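If you're matching them up, the sequences are chains A and B in order.
Residue numbers for the first sequence follow the working numbering, so the first one is 1 and each next one is one higher.
Residue numbers for the second sequence follow the working numbering, so the first one is 1001 and each next one is one higher.
Built from N, CA and C at the ideal position, the CB exists for glycine as well.
Keep in mind it's a predicted model, so treat the numbers as computed, not measured.
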Amino acid sequence: MVSGTVLSAVLDNGNTIEYVFTANAPRGGMKHTFFTPDKQYAVQFFNDPRNAADPRIQDRIRTIVGIYNPTISEADGGAVGNTEKTAGYFRQRFCWPIAIVRQPQFGIVCPTYPQNFFFGADASTVLNLKGKDKKSNWFTGRNRKYLSPGERGNFRTMLGTAIGLSRTVRRMHQAGLAHSDLSCNNVLIDPRTGASVVIDIDSLVVPNKYAPEVVGTRGYIAPEVLATLGMDFNDPRRALPCVQTDLHALPVLIYEYLFFRHPLIGPKIYDPRDAEHDDFLGLGELATFIEDPKDTSNRPPDLNVTIQSLSKGLEELFVRAFVKGLHDPSERPTAMEWERELLRAWDKLVPCANPQCEKKWFILRDPLNPVCPFCKTRMHGQITQLIFKSEMRGRKGVYRDKSEAVVYDTMPLYDWHVFSNVHNDEKANTDISAYIAYYNGMRLLVNKNIDGMLSPSGRLVPKGSAVELKNATAFKMTGGENGLLCEVVVS
Amino acid sequence: MSDYIRRLPVYLLLDCSGSMSGEPIEAVKQGIKTLITELKGDPQALETAFLSIITFDSSARQTSPLTELMLFKEPQIQAGGATALGGALKVLADCIKNEVRTSTATQKGDWKPLVFLMTDGAPTDNLDDGIDALRQVSTGNIIACGAGANANANTLKKITNNVLMMNNLTAGDMAQFFAWVSSSIKASSKSIDAKPGEAIELPPPPQGFVIVP
């Protein structure tokens, strides 16, 4: 058949969809892809016709497209409890299959990735990347240097990318689904904005359904999966992709986003005779975290910025994931823990005082030693922290910490900084409620859109007015129901 | 940190004998160009693949030494002369010996090289000498592609188990061959260590190409 021929496929619901045949169609491990003439949808078929014909595979994919689908509201046949708002949110973050192809053979239809996940003409001056998809490793490996600075983002947008990814993985895991092949190839990112999209959803592991025969991608396969790869698929000792193996791949990606290096690939030689076997051991049975606090055998000599340059909470999660959890899957932090700690770290981001700093932002770990870990520039001036506290139910006047933030000029605050029952997640309203302004030597918290904000002395702060942030003062973000108390600490 | 990244050495052995004159050799030149462009667009290939070209006619030579893709310069090639396939294999063996880094106790070695051989005729020199030389070095997959009516599958089978035949020597077929080489390199650079010692799974060859069992 000639490339460019327009063919027709019949969907499960009887409708037809047209796609353009190409001789060298993009081909992954399991499937190859054609596009509709308007390029809005990808039509994908299995490489191996036996997979396409397997009723167990078809059954699994039907549930993925239907009752497990977080990109369609419950009312429209998607996942239980899914509203149009959350469905819309996850449509931006998953490339989830939306229909089944019945003829000419079993296949799936997915939306194509949003335009911002393709490089534009100005993405690089030395490579022609126009139209290529933004696989994560363009940004985290040595290829990074070939990209225009405008493409590369900064530490803040990369942290945002990590938050978005942990949230999408959390959403899958919440439904009991495992991606099974999370990797630089299956997560596209746009560091300019911190957006990410998870693709290749059809090889998900679905509870109580026949498991997909996916191995994963080099560097992201969980050590126990790699170590038992040679065993028979049905051997009970063989480790197969599951939620816990995703929880290895997820922190590998997060670590790459934050540090531009792989957490397990260091100088250690595991087998000097054979490169393939060396890798098999180094990413599998004998894998060693390059920042293992006790075992330094795989530690590169030139590590400057480490997990200790992040928040304490993130440092602990990385140690759990890559030291205890590396060879004991039950120790690995959940996607929800990653999402929560990354969000906490987000509220401690501050801009670097050095305009030349490539990373632009860093997490302020120690207010008494405010130094950018990347360029070593010290922040000048005082550090103002806000501690948001929620009143314990039924115990008036008794508060516990909900979250903390380090302020900077123009910093936005949202509903989750105002109400104890709102969290920064897919359901939250993302309109700015208040913001910080440095004005005439004062640090102000300006009320943009909060009803009933109170000053430290209990007076109403109307919208458009501000509270000055003075050390050891406290005020209610709103006197209304579920309002948080904000304590100010200046150091 | 990049010191710890292993290289994937890729050798292309290209027949430039007289019978390749005209459209076929032009298609080969175009194929190399496209191959480089394609691989530069794939982040894993760009990071790991290093490319070398060995051409052969009445004799064989390394036209482009093993080079990272960003620095690779297309070789000047022309068609003429006989088919020194045995000589080409000897040159390949020497290049692998000299260029491919082996692991030591302190340095990560390269991946096993990936070799693509394309020829349109029968060897005119001593093939067995070349095969013997090649046996002395460690290679990963060698894929031999016989192009056109004069290529002999049985001869190629002596070199490797992976033999493809393409029926014609048209520009279209040649373009498909290079596209397939490109997807094979991309696939290898991704899945390279999945199972040590096992053959790399290459994508199915294009339509019109026959795998010789």
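Beta-bridge pairing of residue i - partner residues as DSSP gives them
i        : result
F35(A)   : V20(A) and A42(A)
Y439(A)  : M442(A)
C1145(B) : M1118(B) and L1164(B)
V1100(B) : Answer is none; V1100(B) lacks a bridge partner.
K405(A)  : Reading the sequence as shown, one finds Ala at residue 405(A) and not Lys. Looking at the DSSP assignment, A405(A) forms a beta bridge with L386(A).
C486(A)  : F388(A) and F475(A)
E1068(B) : F1050(B)
A9(A)    : I17(A)
I363(A)  : L349(A)
L283(A)  : DSSP lists no partner for L283(A).
F1056(B) : D1015(B) and A1060(B)
Y399(A)  : E391(A)
P412(A)  : Y435(A)
K1158(B) : DSSP lists no partner for K1158(B).
Short CB-CB distance (under 8 Å) between residue i and chain B
i       : result
R192(A) : no
T217(A) : yes
P462(A) : no
I265(A) : yes
G4(A)   : no
V27(A)  : The question names Val, but residue 27(A) is Arg in the sequence shown. Output row for R27(A): interface = yes.
N143(A) : yes
I269(A) : yes
Where residue i falls, given that 16 or more other Cβ within 10 Å makes a residue buried
i        : result
A287(A)  : buried
S1002(B) : With a pLDDT of 46 at S1002(B), under the threshold of 50, the predicted position of this residue should be treated as unreliable, and no value is reported.
P149(A)  : exposed
D366(A)  : exposed
Q44(A)   : buried
E341(A)  : buried
P1205(B) : buried
D1193(B) : Confidence at D1193(B) is low in this model, with a pLDDT of 48, below 50, so the placement of that residue should be treated as unreliable; the coordinate-derived value is given next. When all chains shown are included, D1193(B) counts as buried.
Q385(A)  : buried
R56(A)   : exposed
H514(A)  : This structure does not reach residue 514(A), given that chain A is present from 1 up to 491, and the question cannot be answered.
G1086(B) : buried
V1181(B) : buried
E468(A)  : exposed
M1174(B) : buried
T193(A)  : exposed
G14(A)   : exposed
T1032(B) : In the sequence as presented, Thr is not what sits at residue 1032(B); that position holds Ile. Flag for I1032(B) reads buried.
N429(A)  : exposed
Any C-beta of chain A under 8 Å from that of residue i
i        : result
S1037(B) : Before going on, a small fix: residue 1037(B) reads as Thr here, not Ser. For T1037(B), the answer is yes, since a Cβ of chain A falls inside 8 Å of its Cβ.
P1205(B) : no
K1097(B) : no
L1202(B) : no
Residues within the stretch 1099-1116 of chain B neighbouring chain A, beta-carbon criterion of under 8 Å = S1103, T1104, A1105, T1106, Q1107, K1108, G1109, D1110, W1111 and K1112
Every unbroken beta strand (DSSP E) inside the stretch 76-126 of chain A [3 residues or more] | 99-103 and 107-111
Would you list, in chain order, the members of the stretch 272-303 of chain A that have their beta-carbon closer than 8 Å to a beta-carbon of chain B?
-> P272, R273, D274, A275, E276, H277, D278, D279, F280, L283, P300 and D302
Residue ranges of each alpha helix (DSSP H) within the stretch 175-247 of chain A, 4 or longer | 223-227
Residues in the stretch 126-137 of chain A with C-beta within 8 Å of chain B's C-beta atoms, listed in sequence order?
-> Within the stretch 126-137 of chain A, the residues whose Cβ lies closer than 8 Å to some Cβ of chain B are V126, L127, N128, L129, K132, K135 and N137, listed in chain order.
Relative to chain B, which residues along the stretch 9-23 of chain A have a C-beta separation below 7 Å, given in chain order?
-> A23
Given a limit of 7 Å on CB to CB distance, which residues of the stretch 1040-1062 of chain B reach chain A?
-> K1040, G1041, P1043, Q1044, L1046 and E1047
In chain order, which beta strand (DSSP E) runs of at least 3 residues are fully inside the stretch 441-478 of chain A?
-> 442-447, 466-468 and 474-476
Just list the alpha helix (DSSP H) runs in the stretch 288-346 of chain A, keeping only unbroken ones of 4 residues or longer that don't cross its boundaries, in chain order.
-> Under the rule that a run must span 4 or more residues, the alpha helix (DSSP H) segments found entirely inside the stretch 288-346 of chain A read 312-319 and 335-346.
Quick one, which residues of the stretch 164-186 of chain A are near chain B if we go by CB-CB under 8 Å, in chain order?
-> C184 and N185
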